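Participant: Residue numbers (the working numbering): 3 to 654. For every residue, glycine included, the Cβ atom is placed at its ideal position computed from N, Cα and C. Owing to the predicted nature of the structure, the values given are computational and were not obtained by experimental measurement.
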Amino acid sequence: MLCSDNARPMHMRLPATSHALVRACLGFVVGLITRLWAPPRDLPGSLESEWRLVAVRWSGIVLMAPALQLLNLETHRLVAAYGVLGGAAVYNLFVQAALWRRPGLLTSGYLTTLGDGLLNVAMISLGGGFDTPFYFLLYTVTIAAAMRYGYGPTAAGSAIFVVCDLLELRLAGKAPDGPFLLRSGFLALTGILASHLREQAWRAQSALHDQLRQAEHEALHDRLTGLPNRSLLLNRIQQAIATASETGSGLALLVVDLDRFKEVNDTLGHHYGDMLLPQVGARFVQALPSQSTVARLGGDEFAVLLPTSDVMAATDAALELERALQPRFTVDQHDLDVGASIGIAVYPAHGEDATSLLRHADVAMYVAKRSGDGYAVYTAELDQHSPQRLALLGELRQAIERNDLVLHYQPKVALDTGRLVGVEALVRWRRADGVLVAPDQFIPLAEQTGLIRPLTRRVLDQALRQIWTWRQAGLELTVAVNLSMRDLHDPELPAALEHMLRNWEATPDCVLLEITESGLMSEPTRALETAVRLASTGVRLAIDDFGTGYSSLAYLKRLPVAELKIDKSFVGTMARDEGDATIVRSTIGLAHDLGLSVVAEGVEDQATWDLLGLLGCDVAQGYYLSQPTPASEFVQWLGPRSPQNRWLPAAA
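1) Helix or strand or just coil, what does DSSP make of Ala297?
2) Rounded to whole angstroms, what's the CA-CA distance from Ile63 to Arg205? Just pull it up for me.
3) Note the first and the last residue of the continuous beta strand (DSSP E) segment covering Tyr349.
4) Is Ala254 helix, strand or coil when you go by DSSP?
5) Just to confirm my understanding: we take Asp418, look at its own chain, exclude 5 residues before and 5 after, and list those with CB closer than 8 Å. What are they?
6) Just grab the DSSP bridge partners of Pro230 for me.
7) Taking 6 Å as the limit between beta carbons, can you name the residues of its chain near Arg59, skipping five residues before and five after?
8) For the putative contact between Ala482 and Gly540, defined by C-beta atoms under 8 Å, what is the C-beta separation to the nearest angstrom?
9) Run through DSSP, which three-state label would Leu23 get?
10) Should Ala297 and Pro230 be called a contact, given that it needs their Cβ atoms to be closer than 7 Å?
11) Where Thr532 and Ser311 are concerned, what is the direct C-alpha to C-alpha distance, given to the nearest angstrom?
12) For the candidate residues Ser373, Ala69 and Thr332, whose alpha-carbon lies nearest to that of Glu449?
13) Taking contact to mean at least 3 C-beta pairs separated by less than 8 Å, is the region 274-283 in contact with the region 335-351?
14) Mapping DSSP to helix, strand and coil, what is Leu307?
15) With DSSP as the reference, identify every bridge partner of Lys176, one or two as the case may be.
16) Taking a contact to mean a Cβ-Cβ separation below 7 Å, would you say Val258 touches Ile344 in this structure?
17) Rounding to the nearest angstrom, what Cα-Cα distance links Arg560 and Pro526 in this structure?
18) Is the beta carbon of Ile402 closer than 7 Å to that of Leu466?
19) Quick one: residues in its chain with C-beta nearer than 6 Å to the C-beta of Glu303, no 5 flanking neighbours on either side, listed in chain order?
20) For Arg432, I'd like the list of residues in its chain whose CB is within less than 6 Å of its CB, leaving aside the five on either flank, ordered along the chain.
21) So, Leu308 versus Ala363, is the Cβ gap smaller than 7 Å?
22) From His211 to Arg225, what does the alpha carbon distance come to, in whole angstroms?
23) Measuring CA to CA, which of Val81, Ser292, Glu500 and Asp179 is closest to Leu462?
24) What separation, rounded to the nearest whole angstrom, lies between the Cα atoms of Leu627 and Arg404?
25) So, at 7 Å on beta carbons, what are the nonlocal neighbours of Leu38 in its own chain, with the 5 sequence-adjacent residues on each side left out?
26) Cβ of Asp546 within 7 Å of Cβ of Lys567?
27) Nearest to Val534 by alpha carbon, out of Trp506, Thr509, Cys512 and Ala564?
28) What number of angstroms, rounded off, separates the C-alpha of Pro493 from the C-alpha of Arg542?
29) Helix, strand or coil for Leu422? Go by DSSP, reduced to three states.
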């Protein structure tokens, strides 16, 4: 029921507006204390909720304006009530303007909820007290506060309303009665229930947020290493490209493939490989600047994004990555040794989008793996998809099919006797236009495209045919043929070799297969299996370019090899460089201890020839003896020299 001012003492009529103001101020002060005590956790998820509240306030103001006339209030109360409604309208305009211009002022939602509650308290007081129908408005405000702030602030807000209700009773000269207790109890219960719903909703929302965040993290990161995956890497590359295009700077992308990782999986199991990869990723992260991105592309492949970098900075980073892998890894009490082949591509020289950069860095990585140089920088000549590359590939395929490739032969001479002990067959390709294509151009192309298998078979067949031709002329020579790293992964090669030996009626001991040390160490297990099968055919095996592939003594002892060739990078300078001479001396001693003969390639002068003889080297090969020549010219070079006669340097 509405309380009439006639039923109250005279001194209580006039201050109704003042009482409403005092209560509003009291609520504001207590609200501020509550705000400091328990800040709201549940901030509005979007500004849409605030816009809805603005619309609700306008609806309430429009509906309450005529409703005040139905209450039959005294003039001064009615004027004060319309004043409060006017204040509510101004307040709502302020909120609306703030949402337009500075929404950050209202992102907590606390100010708007507190304002709504204080305006309702004022209207209750002006409308006749807390026993008027206006009291139901407090339930909506309490529910709104509870859904925003939870138990603590809602309890404080409910206490403010109860205190205002009690103060209203005291001013009216009444004591708390049953209706007061009922109103207060329902108000508190409403706050508790609404707060409980709010807490449950908050927990569900928090759990959902955590799940979404975890799902997003898993979608963009590698589960095994925790590093960014390919999707996140591509996104960051695009961002770095956008920044680089604006600032005029560059960026570098490195693709890293681990060497000898397959050996770990094959010998110990994939579980050990899975434990090794996080350690590798952690070392890469520690070795590089903090602004770089280290990602795992899959398998044993990683990628590194270096913002604002050029080729020089990228090569420095590649060297840092190599150094990071030098200390052995310990996995479940096993010491593991892995290396890396790194491809480098830079923006904008090697690509203007993420996909191109990644593909070109991948091309360079395969070049580095094949060459054993550790890292390689992309060039268009390396790319099998470039027009020039595709044209060269088509010509090479035709040359193999038409048997247009020819072999040149370089002699191998024993240092102690001066006798010719064999030759090395080196493939050459002269195109139809007469241009001679260097082996380091078409052999890598064949390895990349799968043409290396038919190319190797052509070379072996030509070499065996030449052996047969020389034998018919009474010349017995051992011919050495180089095998590619890819040939070591060809399980059909041993059977194909046996077939060719039978076809040319050749004995296996007339063939020597040279395998590069880096090729052996790329995938040692598979290489060892193929080497054993090749040796079982009766042919002899040699390790070529020894000293560049980091093979271990334990691995050398397991290989069925008969010969070791010292790389020409050591031999060519040994007469002038004491360090290289020491390496050659140690290698000769090591090979002899293992029961292997030693060939020094790259002999180009008398001083090197003499020094190799003093060090006990078995065989020499190089331009000092003869450059590689076609079979017909080789026979002319041989001339009066025969395998039984001594070869003299002065007669070369």
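Facilitator: So, to answer that:
1) strand
2) 35 Å
3) Gly341 to Tyr349
4) In the three-state reduction of the DSSP assignment, Ala254 falls in the strand class.
5) Gly615 and Asp620
6) His223
7) Asn94
8) Not really, about 15 Å apart at Cβ, beyond 8 Å.
9) Low local confidence applies: a pLDDT of 48 at Leu23 is under 50, so the model's placement there is unreliable, and no value is given.
10) Yes. Within cutoff.
11) Near 42 Å, if we compare the C-alpha coordinates of Ser311 and Thr532.
12) Ser373
13) yes
14) strand
15) According to DSSP, Lys176 bridges with nothing at all.
16) yes
17) 11 Å
18) no
19) Asp259
20) Leu438
21) no
22) 20 Å
23) Glu500
24) If I take the Cα positions, the gap works out to 32 Å.
25) With a pLDDT of only 42 at Leu38, under 50, the local geometry of the prediction cannot be trusted, and no value is derived from it.
26) Closer than 7 Å, so yes.
27) Ala564
28) Rounded to the nearest angstrom, the two C-alpha atoms are 18 Å apart.
29) strand
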